[in-house]
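This report concerns only the one structure given below.
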Amino acid sequence: MIHSKNFRPLTILFAAAIVTSCAPSGVPKTFTGSNAVGNGTGGGSGGSGVVSAGSVVFLTQPGGAGAGLGWPQQPIVRVLTTAGAAVTKPLTIKLSIASGTAGAKLIGYDVNNRTAAGLVSFSNLSIDRAGTYTLRASVDGYDSATSLPFTVGAQTGNTYYVSSAGSDSNTGRSTAAAWRTIAKVNASNFGPGDSVLFAGGETFTGCLTLGTNVTGTPANPVVVGSFGTGQFTLQANCTKSESSYSVITNPAAIKIGGLQGLVIQDCILRGNQAAVQAAGATTPPTYGAVYGILFNNGFYGSNLATRSVTVRNCDISGFYTPHNSDFGGDIFLNLSGPTSRITIVNNVIHGSSGTTSPDDNGIGVSGQAVGSRLTDFVAQSNHIYNIGGRANAPGGTVGSGIVIAGKRLLIQHNVAHDNGAHVNTCGGSANIWAVEADEVTIQYNEVYRANPKDQVITTGHPNYGGCDWNGFDLDIDVTNSFVQYNYSHENFGSGYLAFIDGTWTNNVFRFNVSAQDASPNGGFGALSITNWHNVVGTVDYYNNIFDASSSNGLPIYSGGTNTVGLVANNIFRRGAVAGVAQMTNLNGANLPMLRFDTNAYWAPITDPSKFDFYWGTCTFYGICRGLSNWQTTVGQDPSARPFTATPAPLPTPSAAVTCPVSTILNATGHSGLASCLSGYFTPTVGSTALGSGLDIRAVSGGRDPGSHDFFGNPIPETGASFDIGVTAH
């Protein structure tokens, strides 16, 4: 079963993010105060006269590192009842900075603890400014806890300056004695706490290599950034002349590998591929920089570990390859060895010539056994757009905003749009997707307009071939993952795709909105489930909205068999064609293992007998004509709600709303999308969506709805009514 009653997601809020951890409910364990490690000071439960339900404790204190880097010692928090037993019901844990440097942000991720009842074990938390801090862990109705003080270190090593007025014969130790070239930086060694600062507003030509010459530590990293006013620009000039291709030898503006403790910040990176190709053909072919920033462990002939690296506040554009069998990206991870604690935050990643820019990918990944090599990765608050890709590339390799693989991955508060314009193969692209991944959380993102460049449509596909252009996708070999609290709109393909193949199980899509996704001839639905080789894949969809009324695409599409799971409390909306509204295209003899229950079907016609449900065992050419026919013939969705009455059961925009980018990038938890979409997707008074949903905790096997809805409202206690859609009242 999907998310059996043995698993309880705990939702954790902290200063720059909300994250989800799954901890099994198990049997409550007793706990005495002597077991806590320096629990710090307690706090009230939030109001005069409120009786506390228990307390929050730090079992392990946070341990600092350098600014912007994940801490080697991450906090472990437990929530206790007044009797000292571990609390196992879903709760919202608010983790925030209690004291420290003004303006600092807490960044990071927790999805680490899936085994110990009542525990929340964090991974890859960091703070972006130096100082001495305490953290506060709080839960509404419980006494809070404040951690012991810990230090986020400032740079303590040497500072080296680089400027156009400098000389490589200088010491580099002051602005008056600055170095001049990137070549000098590449030939130098840097230790813990050292900084290499380029003059802001100036352009430096070259390609930077940071490997075994960098010996930072997580507590005292090497920092590469800017001094003075503005960001420095690195204009790549590296090339390669050969007929074959290799990630190790392909040029990159910045190569990173075999090191730990590094921060790249406040930079502008620009590619040279267009200039190299404009110079004319050569034999063998000459290629410019394929990658903006390349993570690769194999530069020195051994797969050295790469750990604790942050890329932040950079503008990256113009990196791709014309080689038909190759692909690159603006930030790219080629994983030939263990790579962990990588944080990509607050960057602008984009093409430079509109939606048809040739950049291969925004953030991309490749490598053998890639899913086992990257751990504790965060992509947060990045703006990724105009990643056009190219025609005839290997399927699924270009045109994506973020494609990532590994374990314990967090993708949140990003905006990805207008990607995939040149793609004409299948297997991608998507604005955000994961492959070969375990314990992924994709949340609080907005994605839109993943579209082919001309959208001249023939039956089934664009006139130049290809498929996908999805909003979100959990692809081959993804397990134990959540896609939640996201907003997808106006994508040519699916808003939300489950591509089930390999080991693909225990995944959940909940409290998401799809608005006007799925072109009617794109071959997908706003929600698509594709089981390529009919493997047994388990997935749940609950409390989502799939509104395809204006795009006139299908709300639901499924191909293949053996998909197991629950589809409940969703709203599926379709426009009418010739007086009939086709709601589903679901085929395969074993689809009864996918249970539909208490969903709402909505179309601008007043007769639910005109709702068509395509299903493999229906008698009218595979069509169940009418909701009641689908219910009786197939036995699906016995408590379905047809929405045919006026006024509408919930307000929706006449055209998809595009949120201000800064609203999403700078949000805490649900606040960005909730404020942008305020007034939409919330049931009106008297709507049949209010209180008529299925209590998914009570179904066979049990599902946990989390702690809050799309807008941040708390989920009702057991026994209370549920809404259909993305709200809880």
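Under the working numbering, residues 20 to 748 are what the sequence shown spells out, in order. From the three backbone atoms N, C-alpha and C, an ideal C-beta is built for every residue, glycine too. A quick note: this is a predicted structure, and the numbers were derived from the prediction, not measured.
Can you tell me whether Gly-654 is buried or exposed? The criterion is at least 16 other CB atoms within 10 Å of its CB, across all chains shown. Here residue 654 refers to the residue found at position 635 when the sequence shown is read from its first residue. So Gly-654 ends up on the exposed side.
DSSP three-state assignment for Val-417, whether helix, strand or coil: In the sequence shown, residue 417 corresponds to position 398, counting from 1. Here Val-417 carries a coil assignment [DSSP, helix/strand/coil].
CA-CA distance, Leu-352 and Gly-383? As a working note, residue 352 is residue 333 in the sequence shown. As a working note, residue 383 is residue 364 in the sequence shown. Gly-383 has its alpha-carbon roughly 6 Å from the corresponding atom of Leu-352.
Could you compute how far the alpha carbon of Val-242 sits from the alpha carbon of Ser-327? By one-based count along the sequence shown, residue 242 stands at place 223. By one-based count along the sequence shown, residue 327 stands at place 308. Near 12 Å, if we compare the C-alpha coordinates of Ser-327 and Val-242.
At least three beta-carbon pairs within less than 8 Å, the region 165-173 to the region 194-201: Between the region 165-173 and the region 194-201 there are fewer than three C-beta pairs closer than 8 Å, too few to call the two in contact.
Where the alpha helix (DSSP H) through Asn-648 begins and ends: Locating residue 648 in the sequence shown gives position 629, counting from the first residue. Run containing Asn-648: 646-653, per the alpha helix (DSSP H) assignment.
Around the Cβ of Pro-270, are there at least 16 other Cβ atoms within 10 angstroms (buried) or fewer (exposed)? What you label residue 270 is simply residue 251 of the sequence shown in a count that begins at 1. By the Cβ neighbour-count rule, Pro-270 is buried, with 16 or more other Cβ atoms within 10 Å of its own.
Under the rule that 16 or more other beta-carbon atoms within 10 Å means buried, what is Val-704, buried or exposed? One-based indexing of the sequence shown puts residue 704 at position 685. Classification for Val-704: exposed.
Residues bridged to Asp-334 (per DSSP): Mapped onto the sequence shown, residue 334 falls at position 315. According to DSSP, residue pairing for Asp-334 in a beta bridge involves Ile-287, Val-367.
Determine the burial state of Val-70: buried for a count of at least 16 other Cβ atoms within 10 Å of its Cβ, exposed for fewer. In the sequence shown, residue 70 corresponds to position 51, counting from 1. Exposed: under 16 other Cβ atoms inside 10 Å.
Residues that DSSP places opposite Ile-683 in a beta bridge: Locating residue 683 in the sequence shown gives position 664, counting from the first residue. According to DSSP, which records beta bridges pairwise, Ile-683 is partnered with nothing at all.
Alpha carbon of Cys-445 to alpha carbon of Asp-487, nearest angstrom: Counting from one through the sequence shown, the residue named residue 445 turns up at place 426. Counting from one through the sequence shown, the residue named residue 487 turns up at place 468. Computed Cα separation, rounded: 6 Å.
How many Å lie between Asp-626 and Val-330 at the Cα? For the purposes of this step, residue 626 is taken as residue 607 along the sequence shown, with counting starting at 1. For the purposes of this step, residue 330 is taken as residue 311 along the sequence shown, with counting starting at 1. Answer to the nearest angstrom: the Cα atoms are 55 Å apart.
In angstroms, rounded to a whole number, what distance separates the CA positions of Phe-141 and Thr-677? Taking the sequence shown and counting its residues from 1, one reaches residue 141 at position 122. Taking the sequence shown and counting its residues from 1, one reaches residue 677 at position 658. Those two C-alpha atoms are separated by around 33 Å.
Determine the direct distance from the alpha carbon of Ser-359 to that of Ser-749, and round the result to whole angstroms. The chain is shown from 20 up to 748; residue 749 falls before or after that span and cannot be answered.
N- and C-terminal bounds of the beta strand (DSSP E) containing Leu-546: Reading the sequence shown from its first residue, position 527 is the one you call residue 546. For Leu-546, the uninterrupted beta strand (DSSP E) run begins and ends at 544-550, by DSSP.
Taking 8 Å as the cut-off, decide whether the C-beta atoms of Asp-728 and Thr-746 are in contact. Within the sequence shown, residue 728 is the residue found at index 709, counting from 1. Within the sequence shown, residue 746 is the residue found at index 727, counting from 1. Yes, the pair counts as a contact, with Cβ atoms nearer than the cut-off.
At what residues does the beta strand (DSSP E) containing Gln-292 begin and finish? If you number the sequence shown from 1, residue 292 lands on position 273. Premise fails: Gln-292 lies in the alpha helix (DSSP H), 292-297, not in any beta strand (DSSP E).
Can you list, in chain order, the residues of its chain with a C-beta nearer than 6 Å to that of Val-454? Leave out the 5 residues immediately preceding and following it. Numbered from its first residue, the sequence shown carries residue 454 at position 435. A distance below 6 Å between beta-carbons, with the five flanking residues on each side excluded, links Val-454 to the following residues of its chain, in chain order: Ala-424, Asp-494, Ile-495.
Quick one: using the 10 Å Cβ neighbour count with 16 as the cut-off for buried, is Ser-260 buried or exposed? The residue labelled residue 260 in the question sits at position 241 within the sequence shown. Taking every protein chain shown into account, the CB of Ser-260 has fewer than 16 other CB atoms within 10 angstroms, so this residue is exposed.
Can you find the residues in the same chain that come closer than 6 Å, C-beta to C-beta, to Trp-551, ignoring five residues on each side of it along the sequence? Mapped onto the sequence shown, residue 551 falls at position 532. For Trp-551, where only same-chain residues beyond five positions count, the Cβ hits under 6 Å are Asp-520.
Select from Gly-407, Gly-584, Tyr-504, Pro-81 the residue whose C-alpha is nearest the C-alpha of Ala-117. Residue mapping note: residue 117 aligns to position 98 of the sequence shown, counting from 1. Ala-117 has its Cα closest to that of Pro-81, out of Gly-407, Gly-584, Tyr-504, Pro-81.
Under the rule that 16 or more other beta-carbon atoms within 10 Å means buried, what is Gln-92, buried or exposed? Here residue 92 refers to the residue found at position 73 when the sequence shown is read from its first residue. With fewer than 16 Cβ atoms within 10 Å of its Cβ, Gln-92 is classed as exposed.
Span separating the alpha-carbon of Val-367 from that of Pro-657: Locating residue 367 in the sequence shown gives position 348, counting from the first residue. Locating residue 657 in the sequence shown gives position 638, counting from the first residue. Val-367 and Pro-657 have their C-alpha atoms spaced approximately 47 Å apart.
Three-state class that DSSP yields for Pro-168 in the structure shown: Taking the first residue of the sequence shown as position 1, residue 168 is located at position 149. Correct three-state label for Pro-168: coil.
Nonlocal neighbours in the same chain, by C-beta distance under 8 Å from Gln-650, ignoring five residues either side: As a working note, residue 650 is residue 631 in the sequence shown. Once the five neighbours on either side are set aside, the close Cβ partners of Gln-650 are Asp-656, Pro-657, Ala-659.
Distance CB(Val-309)-CB(Leu-88) smaller than 8 Å: Position 290 of the sequence shown holds residue 309. Position 69 of the sequence shown holds residue 88. Between Val-309 and Leu-88, the C-beta spacing is not below 8 Å.
Check for me: the beta strand (DSSP E) holding Ile-201 runs from which residue to which? Stepping through the sequence shown from its first residue, residue 201 is reached at position 182. Where Ile-201 is concerned, there is no enclosing beta strand (DSSP E), although the alpha helix (DSSP H) it sits in stretches over 201-205.
What is the C-beta distance between Thr-671 and Asp-536, in whole angstroms, given that I count them as a contact (C-beta under 8 Å)? Residue numbering aside, residue 671 sits at position 652 when the sequence shown is read from its first letter. Residue numbering aside, residue 536 sits at position 517 when the sequence shown is read from its first letter. Taking 8 Å as the upper bound for CB-CB distance, Thr-671 and Asp-536 are not in contact here, some 13 Å apart.
For Asn-411, count neighbouring Cβ atoms within 10 angstroms of its own Cβ and tell me buried if that reaches 16, exposed if not. For the purposes of this step, residue 411 is identified with residue 392 of the sequence shown, where counting begins at 1. By the 10 Å Cβ count, Asn-411 comes out exposed.
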